[in-house]
Amino acid sequence: MRGKSVIRFVKEWTLPVAMSVGTVAYLVFYSVPQLDAAGDRLGPVLDVLMPFMVFLTLLITFCKVDFHQMRLHRWHVGVLLAQLLLVAVNIGVIFHVEAHAEQKLLWEAVLTCIIGPSAAAAPVVVGKLGGNISTMTTYTLISAFLSALLIPVVFPLLEQTVHVDFVTALLIILEKVSMVLLLPLALGWIIQHYVEPLRHWVVSQPNLSFYSWAVSLSITTGITVKNIVHSQSSLSLLLLIAVSTLVLCFLQFVIGRGVGRWLGEEVNAGQSLFQKNTGLSIWVAYMYLNPVSSIGAGCYVLWQNIVNSVEIWQYRKKS
């Protein structure tokens with residue numbers, strides 16, 4: 011009975027379990043010197059495994075997408091406008107506190123969690139919440155393109171030392187997004203139309219993409235904890251960033267849900283605005299801003315997946 015209870019608990023709270031595994035695994039390797047050699051060998055493996063698991067997760071999800079529904083909807087426009095408004099407000103605050111280094115760092119960390127595109131794995135969560143995977147996939151693509159346009163325009167304005175060619179930055183960001191988004195989408199379409207046995211098997215495994223995503227989440231959490239542990243910033247700044255991104259997470263969730271309720275797609279709109287591609291946000295923070303600002307996206311990934319866990323638990327309970 012105890013074994014069944016453990017399995018049931020893991021199934022119901024997959025995301026917190028994945029984050030806990032990633033956190034504990036990193037802290038064990040960090041605290042035990044005898045594991046240094048093993049950690050050095052494991053690092054490159056995880057660097058390869060992480061994008062592969064994201065790719066696999068999305069490929070499984072896109073095998074279930076109804077491509078006929080992939081068109082622009084009203085709620086797409088509503089969420090995009092909400093994101094642009096939040097970006098504009100945040101930029102205004104950064105200019106206002108520009109003379110205060112730590113405050114500027116704090117708000118730049120917050121900005122990385124607003125300006126980033128919707129998470130590539132957002133359709134996976136939407137599927138678990140009974141939302142529309144197809145329209146969510148469409149928004150994920152639109153959001154990626156919008157962020158690719160915004161980032162090379164906005165970030166050099168905030169850090170005058172940054173000189174970046176717009177076209178080059180646009181192409182780099184689109185390349186990073188397309189490898190984990192467009193390629194699995196294209197393969198999903200091919201499998202749907204030409205590999206029917208494989209498509210049928212994937213559809214018959216409803217939780218396959220969710221559990222593969224949990225594996226990548228565990229790796230992401232370990233990397234996030236590593237970045238926080240090795241950060242050279244003051245503890246007070248780290249706590250401020252953590253608290254600010256927690257507040258932002260709930261704010262974007264509430265605004266997204268509100269826009270969706272108004273435009274008839276509450277679940278999708280909520281996930282679209284608040285669930286972010288934190289991996290890309292961390293990368294652009296390192297590229298164009300002070301690297302400390304990447305801690306914001308690192309904290310955000312923890313908050314958004316706690317919210318996701320509660321959402322999924324509530325949906326299961328209601329169902």
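Each position in the sequence shown, counted from 1, maps to that position plus 10 in the numbering used here.
Every residue, glycine too, gets a C-beta built ideally from N, C-alpha and C.
What you are looking at is a predicted structure, and each value in this text was computed from that prediction instead of being measured.
Rank the options by C-alpha distance to the C-alpha of residue i and give the top, closest one.
{"i": "Gly126", "options": "Asn300, Asn315, Leu299, Ile292", "result": "Ile292"}
{"i": "Val269", "options": "Leu283, Ile183, Phe155, Thr24", "result": "Leu283"}
{"i": "Ile104", "options": "Ser30, Leu121, Phe65", "result": "Leu121"}
{"i": "Leu330", "options": "Leu96, Leu69, Thr145, Thr231", "result": "Nothing in the structure corresponds to residue 330, since the chain is present only between 11 and 329."}
{"i": "Ile101", "options": "Ala47, Asn237, Asn142, Phe165", "result": "Phe165"}
{"i": "Thr145", "options": "Ala154, Leu37, Pro133", "result": "Pro133"}
{"i": "Val212", "options": "Met29, Cys73, Ala28, Leu45", "result": "Cys73"}
Between which two residues does the alpha helix (DSSP H) harbouring residue i extend?
{"i": "Val75", "result": "Counting along the chain, Val75 falls outside any alpha helix (DSSP H), and DSSP gives it neither H nor E."}
{"i": "Gln285", "result": "First-last for Gln285: undefined, no H or E at that position."}
{"i": "Trp199", "result": "192–204"}
{"i": "Val164", "result": "143–168"}
Can you tell me the Cα-Cα spacing of residue i and residue j, whole angstroms?
{"i": "Pro26", "j": "Trp313", "result": "11 Å"}
{"i": "Met60", "j": "Ala295", "result": "20 Å"}
{"i": "Leu250", "j": "Ile229", "result": "25 Å"}
{"i": "His78", "j": "Leu258", "result": "34 Å"}
{"i": "Met297", "j": "Ala35", "result": "28 Å"}
{"i": "His203", "j": "Asp50", "result": "43 Å"}
{"i": "Val75", "j": "Lys114", "result": "42 Å"}
{"i": "Thr33", "j": "Val239", "result": "11 Å"}
{"i": "Lys236", "j": "Ala252", "result": "15 Å"}
{"i": "Ala48", "j": "Ile182", "result": "33 Å"}
{"i": "Gln215", "j": "His106", "result": "51 Å"}
{"i": "Met11", "j": "Phe263", "result": "Below a pLDDT of 50, predicted positions are generally treated as unreliable, and Met11, at 49, falls in that range; the measurement from the model is reported next regardless. Approximately 38 Å between the Cα atoms of the pair."}
{"i": "Leu82", "j": "Val89", "result": "12 Å"}
So what does DSSP say about residue i, is it helix, strand or coil?
{"i": "Ser128", "result": "strand"}
{"i": "Met11", "result": "Because Met11 sits at a pLDDT of 49, beneath the cut-off of 50, its placement in the model cannot be relied upon, and the point is left open."}
{"i": "Glu321", "result": "helix"}
{"i": "Pro216", "result": "coil"}
{"i": "Gln242", "result": "coil"}
{"i": "Asn300", "result": "coil"}
{"i": "Leu82", "result": "coil"}
{"i": "Trp23", "result": "coil"}
{"i": "Ser329", "result": "coil"}
Just to confirm, are residue i and residue j a CB contact at a threshold of 7 Å?
{"i": "Ala131", "j": "Thr234", "result": "no"}
{"i": "Asn278", "j": "Val136", "result": "yes"}
{"i": "Phe65", "j": "Pro194", "result": "yes"}
{"i": "Ala119", "j": "Asn287", "result": "no"}
{"i": "Cys123", "j": "Gly308", "result": "no"}
{"i": "Leu247", "j": "Glu108", "result": "no"}
{"i": "Trp85", "j": "Leu273", "result": "yes"}
{"i": "Met80", "j": "Thr148", "result": "yes"}
{"i": "Thr255", "j": "Met29", "result": "no"}
{"i": "Ser226", "j": "Val302", "result": "no"}
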